[in-house]
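Residue numbers (the working numbering): -10 to 286. We put the CB at the ideal spot given by N, CA and C, even for glycine.
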Ligand code: UTP
């Protein structure tokens, strides 16, 4: 019987340099996909997977993120006075219960592993989930819920995995996989951003994890890895050396890398087209634009 996963860590303390100049004053995680900030997609996914305690690892300049989940009394009063019930419903879903979200600070962006380690006192001795808000996953059943179901059989540690093109492996944490019991994969090793031509596979870890508290102990050493950062991948790889309990999980769904401009734009179009209130207008625009491009060629 596995310990139920009720805590999730949302590392949101990164500098977001790929979105400069916007991220000079706006946290990347509050950038908006259609009409919801990236962080809300991640929070909703976690809620649907049964998470009840939400731990944000924040840093300087991220107060917009912290305020976002509070009640906004003036706005609420105005919507009520005007009887805007639909908008009130949407607004309500953004308000988290008092005490549900805890914030810890990462006082220097030393890497994802370090960010997760900053939450160690709030996690204690329990398994926990990690969600990176810039990985947005469109799926019938939310990715983390798929993983929590699979984790009930495996326990240990689980990393969401997807195939990436060979040429892109040097941008990801890559899994060395020995046996596949689809959709679960037995992981024999992990390497962060392998040099070109050295990747053990083309299966990449993406931003959803279920981790044992031992991973936090592995991070105690504060060792730096690829890019001079303290890497979560290295702490998971260390776990594979001493125990035999790391699994990859090939989730069902489409993942968008909203940490890059191209990925963010693709997600915007895709989520826009999925919305009944926007689809027709957006589709017409895309067809017109394609026709104009073809005519110009
Ligand atoms: P990224 O690797 O995308 O880094 O982080 P970044 O700083 O946000 O963006 P770029 O590369 O400069 O454009 C993935 C997730 O991990 C968090 C980020 O906030 C993001 O949600 N993170 C990263 C931290 O919380 N702390 C860190 O030290 C690094």
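With a Cβ-Cβ cutoff of 8 Å, do residue i and residue j count as a contact?
i	j	result
residue 287	residue 228	Limits of the chain in this structure are -10 at one end and 286 at the other, which puts residue 287 out of reach.
residue 102	residue 4	no
residue 29	residue -5	no
residue 196	residue 179	no
residue 0	residue 53	no
residue 148	residue 237	yes
residue 133	residue 118	yes
residue 105	residue 257	no
residue 239	residue 174	yes
residue 181	residue 217	no
residue 244	residue 124	yes
residue 193	residue 222	no
residue 252	residue 137	no
residue 336	residue 202	Since the first residue shown for the chain is -10 and the last is 286, residue 336 is missing from the structure and cannot be characterised.
residue 199	residue 131	no
residue 205	residue 90	no
residue 98	residue 224	no
residue 143	residue 188	no
Any heavy atom of the ligand UTP within a distance shorter than 7 Å of the CB on residue i?
i	result
residue 26	no
residue 10	no
Please report the distance separating the alpha-carbon of residue i from that of residue j.
i	j	result
residue 120	residue 109	15 Å
residue 126	residue 33	11 Å
residue 95	residue 247	22 Å
residue 6	residue 12	7 Å
residue 86	residue 232	38 Å
residue 62	residue 75	17 Å
residue 55	residue 255	27 Å
residue 43	residue 167	33 Å
residue 100	residue 41	26 Å
residue 92	residue 50	13 Å
residue 27	residue 185	31 Å
residue -7	residue 279	49 Å
residue 129	residue 242	7 Å
residue 35	residue -3	7 Å
residue 265	residue 31	22 Å
residue 64	residue 122	26 Å
residue 290	residue 160	As displayed, the chain neither begins before -10 nor continues past 286, which places residue 290 out of reach and without an answer.
residue 249	residue 8	8 Å
residue 72	residue 21	26 Å
residue 140	residue 190	23 Å
residue 262	residue 79	19 Å
residue 210	residue 57	34 Å
residue 88	residue 81	16 Å
residue 282	residue 171	42 Å
residue 18	residue 59	16 Å
residue 273	residue 267	10 Å
residue 183	residue 286	39 Å
residue 212	residue 220	8 Å
For the alpha helix (DSSP H) that residue i lies in, which residues bound it at each end?
i	result
residue 77	74 to 81
residue 49	Unbroken run through residue 49: none, as it is neither H nor E.
residue 65	62 to 70
residue 229	221 to 231
residue 277	268 to 285
residue 109	109 to 112
residue 33	27 to 37
residue 260	250 to 262
residue 138	132 to 143
residue 105	101 to 106
residue 177	Looking at the DSSP string, residue 177 is not in any alpha helix (DSSP H); the run it does join, the beta strand (DSSP E), is 173 to 181.
Along the beta strand (DSSP E) that carries residue i, what are the first and last residues, could you check?
i	result
residue 244	243 to 246
residue 161	Segment: none, residue 161 is in no beta strand (DSSP E) and carries neither H nor E.
residue 120	117 to 120
residue 204	Note, residue 204: premise wrong, no beta strand (DSSP E); alpha helix (DSSP H) at 203 to 207.
residue -4	-4 to 0
residue 146	146 to 152
residue 197	192 to 200
residue 94	90 to 94
Cβ of residue i versus every heavy atom of the ligand PLP: is any distance shorter than 7 Å?
i	result
residue 154	Annotation note on the ligand PLP: not contained in the displayed structure, which lists the ligand UTP as its ligands.
ask   = Among all residues, which have a Cβ less than 6 Å from at least one non-hydrogen atom of the ligand UTP, and in what chain order do they fall?
value = 0, 1, 2, 3, 4, 5, 6, 7, 17, 18, 46, 95, 98, 99, 100, 101, 103, 104, 121, 122, 123 and 248
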